[in-house]
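**Student:**
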Amino acid sequence: MWRYLRPMTISIDQIILVLGDQLTLGGAALRAGASTHACVLMAEVRDEASYVPHHKKKLAFIFSAMRHFAERLIDDGWDVRYTRYDDPDNAGSITGELDRLVAQTGASRITVIEPSEYRLRQALLDWAKSQSVELEMLADDRFIASHEEFERWAEGRKQLRMEYFYRDMRRKTGLLMQGSEPEGGLWNYDAENRKPARDDLFMPRPLRFEPDGITKEVLQLVAAQFPENFGTLEPFWFAVTAEQAEAVMESFVREALPNFGDYQDAMLKDEPFLYHSLVALYLNVGLLDPLQLCRRVERAYYEGKAPLNAVEGYIRQIIGWREYIRGIYWLKMPDYTEQNHFEAKRPLPWFYWNGETNMACLSAAIGQTRDEAYAHHIQRLMVTGNFAMLAGINPKEVHEWYLAVYVDAFEWVEAPNTIGMSQFADGGLLGSKPYASSGNYINKMSDYCGSCAYDVKKKHGEGCCPFNPLYWDFLVRNRDKLGGNPRLQPVYRTWDKLAPETQIAYRQSAAAFFATLS
Ligand code: FAD
Ligand code: DLZ
Ligand code: SF4
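Going by the working numbering, the first residue of the sequence shown is number 10, and it counts up by one from there.
#1: With hydrogens ignored, establish whether the beta-carbon of N395 is closer than 7 Å to any heavy atom of the ligand FAD.
#2: So does the region 82-98 actually touch the region 245-264, counting three or more Cβ pairs closer than 8 Å?
#3: If you draw a straight line from the C-alpha of P267 to the C-alpha of H285, how long is it?
#4: Ends of the beta strand (DSSP E) at Y91?
#5: Tell me Q23's beta-bridge partners as DSSP assigns them.
#6: With DSSP collapsed to three states, give me the class of M391.
#7: Which one of H77, R151, A154, D135 has the shortest CA to CA distance from G105?
#8: Quick check: does the Cβ of M368 come within less than 7 Å of any heavy atom belonging to the ligand SF4?
#9: To which residues of the same chain is L507 closer than 6 Å at the C-beta, ignoring the five residues directly before and after it?
#10: Quick one, are the C-beta atoms of A69 and L283 less than 8 Å apart?
#11: By the 10 Å Cβ neighbour count, where 16 or more other Cβ atoms means buried, how is S141 classified, buried or exposed?
#12: Taking its Cβ as the centre, do 16 or more other Cβ atoms sit within 10 Å of S372, making it buried, or is it exposed?
#13: Residues in its own chain within less than 6 Å of R15 by CB, not counting five upstream and five downstream?
#14: Please find out if some non-hydrogen atom of the ligand DLZ comes closer than 7 Å to the beta-carbon of I71.
#15: According to DSSP, simplified to helix, strand and coil, what is E126?
#16: Indicate the three-state DSSP secondary structure (helix, strand or coil) for M276 in the structure shown.
#17: Taking P499 as the reference, give the member of V414, L484, S73 with the closest Cα.
#18: Verify the contact flag: P404, CB atom, against every heavy atom of the ligand SF4, threshold strictly below 7 Å.
#19: What does the alpha-carbon distance come out to for the pair A254 and H156?
#20: For A309, decide whether its Cβ has a neighbour in chain D, counting only Cβ atoms nearer than 8 Å.
#21: Given a threshold of 16 other Cβ atoms within 10 Å of its Cβ, counted over all protein chains shown, does A434 qualify as buried or as exposed?
#22: Using a threshold of 7 Å, is the CB atom of S125 nearer than that to any non-hydrogen atom of the ligand DLZ?
#23: Please confirm whether K65 and G222 have their CB atoms less than 8 Å apart.
#24: For E226 and L317, which I take to be in contact (beta-carbon distance under 8 Å), what is that distance rounded to the nearest angstrom?
#25: Determine contact between the region 44-54 and the region 22-31, defined as no fewer than three beta-carbon pairs at a distance below 8 Å.
#26: Roughly how many angstroms lie between the CA atoms of L297 and A251, to the nearest whole one?
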């Protein structure tokens, strides 16, 4: 149902389209439309809700945040036309909803912030070609680097290393800078950030919110309309407004930030969140502003509330990784999601959808993903991602899984992380070597192995940790593509020094494991 604030006698000449990840008060499109002849279109549509089978919690989060945002715009005096998912007149797509509203209002101009995903941006541009209305697509100034700025930075570089881009972003924002020098003398304090965690450490609890009337209605809708989608819908406790998201930020800064650096890479089976901030979902839909968040974190350092390794590490994730990843996406789309450097063909194992595997690390990461629509970076990279790459799973299937299952997943940020960083399917644009590891790394950084059916210390043969033979099998299988990589020379030398019967034992164990997958 559409909600009208102004009487219909006021003619509308401009439609401001606000997408589900553009929930920023004062966003560029709203700024460009502050006239009495503009209305805002927001629509819950089938196409956006089903381009991958989104986790139930992700759907509930986006719909609830959209509905709360629409209420806020109405309170601020906007004329909002909001289409609910179960509206019988719902056209099912963003362009269909535009058609409907253009026909109804006679508007001659559509204003929108450039969609964050290539797919929808292209659909809007294609749609506009057959219309008599003007489509005004504005740059998304919620990011620190514009497309042009990233293109200029990337031009002529053989390797696009995040670290150098990050330094430019530090200079640009002035975050943790003393004049032209980085705070503390170093740009990066990651060397201090690799500690495994212990479960007797104090663990902050992420801030949780009781669903209000709007969220309860959305939960019913998602349960009724998406019963077969992956994931546990309730309890649902995410923030759904900007005020709540700011409270999450404050709670993180107070309780978890001081330990964020130290335990950033750690994994514990009963602690899904550790010292992570759980804000990617809010940043990605516009409920939190990345620069404001970084300034808040920086302030904690200058007030003596958090150490430099934590604060620098955190700010790097946002003005470094997040911005860099977006730059890569727009630089390389539309072909990027088709990349398959290793020509990996195996289908995604079914246990990615139910967590039913004897491998304790995968079972924990996937089980947590099902229940929370969340896993932290190292779980995504070194457990589910590492396994998929070692096992030769088709990277497109892996990409579509990540895009579906995480509440913070939008293609612009998910695809370079999956295709590039985690699967090395782009052949090394993002990383100088694949993030491949045997069970040893997981054992060092987690408490998973203690309760696993497999033995992490056993290298091959019956009962060995599958990551051990898969690691070598992956390297040997792909030697033509990786053998020349200088960073892998020592690893291949180790393999070459193994006795032939040991090499055979590794390969046979890998083959036996693959037989169980099919
Ligand atoms: P924290 O660990 O508290 O980090 C703080 C913030 O830094 C995050 O909220 C995020 O905004 C930013 N950040 C950290 N690492 C990255 C990164 N590599 N790329 C971009 N931003 C980063 N992040 C998404 O936002 N959406 C995704 O769909 C997504 N898919 C991923 C898929 C894979 C295979 C991998 C390896 C990583 C992916 N990431 C994605 C990056 C990262 O894992 C998440 O941003 C992070 O886990 C979100 O949890 P958090 O908010 O608690 O982050
Ligand atoms: C992710 C998502 C979902 C599930 N549903 C909607 C929706 O119904 N309406 C909408 O405007 N946006 C939704 N989104 C977010 C969009 O998919 C996102 O804005 C685009 O992919 C960005 O290009
Ligand atoms: Fe994972 Fe291997 Fe450890 Fe089991 S033993 S939890 S499969 S790394």
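From the three backbone atoms N, C-alpha and C, an ideal C-beta is built for every residue, glycine too.
As the structure is a prediction and not an experimental result, all values here were calculated from the model.
**Tutor:** Straight from the coordinates:
#1: no
#2: no
#3: 11 Å
#4: 89-92
#5: A47, R118
#6: helix
#7: D135
#8: yes
#9: none
#10: no
#11: exposed
#12: buried
#13: Reliability of the predicted coordinates at R15 is poor, the pLDDT of 47 falling under 50, and no value is obtained from them.
#14: yes
#15: coil
#16: strand
#17: L484
#18: no
#19: 27 Å
#20: No chain D is part of this structure, which consists of one protein chain only.
#21: buried
#22: yes
#23: no
#24: Not really, about 45 Å apart at Cβ, beyond 8 Å.
#25: yes
#26: 6 Å
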